[in-house]
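Only one structure is covered here, and it is reproduced in the block below.
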Amino acid sequence: MAKSSKKALSVLTNGFIKENPVLKLVLGTCPSLAVTTMARNGIGMGIATTFVLLGSNIVISLIRKIVPDRVRIPVFITVIAGFTTIVGMLLHAYLPDIYKELGIYIPLIVVNCIIFARAEMFACKNSVGMSILDAIGMGGGFTLALLIIGSVREILGAGTWMGIPLTKDLFDPAIIMILPPGGFLAFGFVVAAIQKFSVLKIKNKEIATGCGMNCAGCAAGNNGGDR
Amino acid sequence: MKEIILIAIAAVFVENFVLSKFLGICPFLGVSKKTSTAVGMGGAIVFVITISSVVTWSVNEYLLKPYELIYLQTIVFILVIAALVQLVETVLKKFMPALYRALGIYLPLITTNCAVLGSALLIAEREYTLLNAVVFGFSSAVGFTLALLLFSGVRERIETNDVPMAFRGLPITLIAAALVSVAFIGFQGLFGI
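Going down the list, the protein sequences come from chains A and B.
Going by numbering that gives the first Met the number 0, 139 is the number at position 140 of the first sequence; the sequence numbering is gapless.
Going by numbering that gives the first Met the number 0, 100 is the number at position 101 of the second sequence; the sequence numbering is gapless.
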């Protein structure tokens, strides 16, 4: 019992730091750059993605023994797209401000590599309970990364944090940080800081090719499965 | 005619998919290491986005709108794109083996590329006509390829430079991307777009 709860804990905490999907595995880079002009939007996107991840992980874990290997990719995509639609509708109904700010990046949660990668790597091999923990851990890590990047950009670019003025008398905000280049800059410096201070250093080369390889892996697996 | 030219220029330079809308960052970071792979990926993207613009536009206009199924847009679009990529791959393999060999390995990657779904969603959101949709799709893909090509040139230079330890790998790539993106900000306000 103690052993299994220890494993559950490690599954839960893995996503936050050790295997942070954005900062360590370099998955889901598009939303991490696009919606992080404000810390609040980053959290909104993070929670929406976590919800989709949770739903898709649960369903995929439940149906993992029924779905034949050959058709698993289209099935996964349909499940993920279904949950994305639900999240879009919920946000539209209850949080119209965030819905408007996030715009087309809400439907684009479908093609967020994190969700597909977790379905393929974790949910289709593990029990429902573990898949829920994994979804919370990975989704939490994603939200954390978006919050960090969003905070850096909002404080430097607009002088506020969560809408609260912070740097009124200290310095004039550098507008470039909330423009597109600021996204790349903030992301770059955050990853550099992590590489500098991290004890759990992954080889640089692996990080550089992380996403390319992972996306390639997803899609290549996709193709192999279909044929 | 003027409208079409404006859409094209805006899509390539002002609202560049990668550098100002952040669509398709994964392939942008993944395959921009060498110019040759950047060209292959760019070609495949132009091909698929142009075809998918026509198909998703037709599906949206003749299927989803008349039957009030707009809420199914996300599901339908992603499935259409996935099927389309399979179809394009099969057709190319059969009838144009030379082109297939050039684009082959990049095609399956495109299903998970947010640029394709993104362009389909933007076209639906802006309610373009068919012609405008095709022009927008094609030019956005050309803009994507342009960014990929320019950036692969930059990255080939970085390879030979001495980069501080903490910045090696991903960080320096992102900072270089930021500088390329700054250059594209210069296009804002061009022709009043």
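Glycine included, every Cβ here is placed at the ideal spot set by N, Cα and C.
Predicted model, so just to flag it, every value in this text is computed and none were measured.
Mind reading off the beta-carbon distance from A:Gly-156 to A:Leu-52? Whole number of angstroms is fine, and I expect it under 8 angstroms.
Going by Cβ atoms, the distance from A:Gly-156 to A:Leu-52 rounds to 28 angstroms, so no, they are not a contact pair.
Check whether the stretch 49 to 65 of chain A touches the stretch 145 to 154 of chain A, taking contact to mean three or more Cβ pairs, one atom from each stretch, closer than 8 angstroms.
no
Quick check: A:Ala-47 and A:Val-86, are their CB atoms within less than 7 angstroms of each other?
yes
Quick one: which residues of the stretch 18 to 35 of chain A get their C-beta closer than 7 angstroms to a C-beta of chain B? List them in chain order.
Val-25, Thr-28, Cys-29, Leu-32, Ala-33
Taking the alpha carbon of B:Leu-148 as the point to measure from, which residue in B:Pro-96, B:Val-179, B:Met-164 has its own alpha carbon closest?
B:Val-179
Alpha carbon to alpha carbon, how far is B:Cys-204 from A:Cys-29?
Nothing about residue 204 of chain B can be reported from this structure: the residues present for chain B run from 0 to 192 only.
Chain A residues whose Cβ lies nearer than 8 angstroms to that of B:Pro-96
What B:Pro-96 touches in chain A: nothing, since even the nearest Cβ is about 17 angstroms away.
For A:Met-37 and A:Ile-65, what's the separation of their Cα atoms in angstroms?
42 angstroms
What first and last residue would you give for the alpha helix (DSSP H) that runs through B:Ile-44?
34 to 58
Among A:Met-129, A:Ala-191, A:Asp-168, which residue has its Cα nearest to the Cα of A:Ser-3?
A:Met-129
Within chain A, the residues that B:Thr-89 reaches when beta carbons sit closer than 8 angstroms:
Chain A residues near B:Thr-89: none, gap ~10 angstroms exceeds 8 angstroms.
Are the C-beta of B:Ala-177 and some C-beta of chain A separated by less than 7 angstroms?
yes
So with Cβ pairs under 7 angstroms, would you call B:Phe-21 a contact of chain A?
yes
Under the three-state DSSP convention, the category A:Thr-36 falls into:
coil
Who are the neighbours of A:Pro-172 on chain B, taking C-beta pairs under 9 angstroms?
Simply none; closest approach about 17 angstroms.
I want to see whether chain B comes within less than 7 angstroms of A:Ile-103, judged by CB atoms only; does it?
yes
Between the CA atoms of A:Pro-73 and B:Val-54 - distance to the nearest angstrom:
19 angstroms
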